[in-house]
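Visitor: In the working numbering, each residue carries its 1-based index in the sequence shown increased by 3. Backbone N, C-alpha and C fix where the C-beta goes; we use that ideal spot for every residue, glycine too. Keep in mind the model is a prediction, meaning the values are calculated, not measured.
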Amino acid sequence: MRVHTLKRIAVAFALALPGAAIATVVAAPPAHADGCYTWNRTLAQGRSGEDVRQLQIRVAGWAAYRNIVRVDGRYGSETAAAVRRFQSAYGLRADGTAGPQTFAKLYELQDNDCTPKHFSYTELDNGCGIGGWTGGPLSASATRTNALRLMWKLEALRHSLGDQPLHVNSGFRSFTCNRRVGGASDSQHLYGNAADLTSRTSSLCRIAREARSHGFSGIFGPGYPGHSNQVHVDARRENNADKSANTTTWSAARCGV
C-alpha cells in the first residue's frame, strides 16, 4: 500500500501560505508493503547487507542466459545486471541502481507475505493434498524459503511471457507424495525448488525456451521422458543441501533446449 503522510501534506500546506517560512522539510518515509519488507536506502554496487539480499531474491529471475543471481547479500556486477534487466522489463530507467522507482515497482509486485502477486505459498505447496511444507529433506522454514525464491523467478518468467497466467501443476512434494506420483528419488520438488508448469496462452516450448534466461538451472520439457504435457523448472544450482544437483541441466529436445 502506498502512503502519503500527514507530514507531507502539512509541508505542502505551509508552503502555500503567504509569507510562510519552513526551516526544515522532513522527507516522507519510504513507501512499503504492509507485512513485508521496506528498503530504506538506495542500493548500488559495493553495498552489502540484508536489504541487498532481499533485493536479490526479487530480481533473481532476471539473470542472464544460463546464469543465476546469487543471494549472498553483496551487490556486485551480477546483481547490478539483474537489476538493469528488471528495470528495462518494467519500463524504468535501467541504470542498475535500486532506488525509489525500482522499490516502488517491487512493492507493487509483492503481496503482504512477500510472495509475488501472481503466485502463492498455497499454490506451491500442493504436496499431493498434504500441505504444511513438511515431510521432505529440509525443515518447513527452509523449504518455504526455497519456494519464495522460486516464485520470484516464476513471476519474471510470467512477465516475459506477456503477463499471461502460468499454472503450477506440482510444486513442493513430501517424500510420500513424490513416491506416489513416481518422482525421481532426488527430485528438486522435495526441496521446494521446483515447479511443473502449463499455460493456456503460451506453448510449452515457448515456456521452456524463455525459462533459460530467468535463473532456472533445471529445465525439462517436450522431448524429455514424461514431460510432453508440462515444463519442469527448478533452481538446482542454488540447492546447497543437494551438492550432486549443483549444476545446470536442460532437456527439451522438441523445443531446441
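1. Using a Cβ-Cβ cut-off of 8 angstroms (strictly less than) and excluding sequence neighbours within five positions of Ala256, which residues of its own chain qualify?
2. How is Gly64 classed by DSSP in three states: helix, strand or coil?
3. Do you know how far the Cα of Ser254 is from the Cα of Thr45?
4. Output the distance between the C-alpha atoms of Arg209 and Asp199, rounded to the nearest integer angstrom.
5. Give the single residue among Tyr40, Phe219, His235 and Ser205 whose Cα lies nearest to the Cα of Thr118.
6. Just verifying my parser: in three-state terms, what is the DSSP assignment at Asn181?
7. So for Leu109, helix, strand or coil by DSSP?
8. Classify Asp128: buried if its beta carbon has 16 or more other beta carbons within 10 angstroms, exposed otherwise.
9. In its own chain, which residues sit with a C-beta less than 6 angstroms from the C-beta of Arg61, not counting the 5 before and 5 after it?
10. Decide if Val260 is buried, meaning its Cβ has at least 16 other Cβ atoms within 10 Å, or exposed.
Guide: Concretely, from the data shown:
1. Pro225, Gly226 and Tyr227
2. helix
3. 40 angstroms
4. 14 angstroms
5. Tyr40
6. helix
7. helix
8. buried
9. Leu109 and Trp155
10. buried
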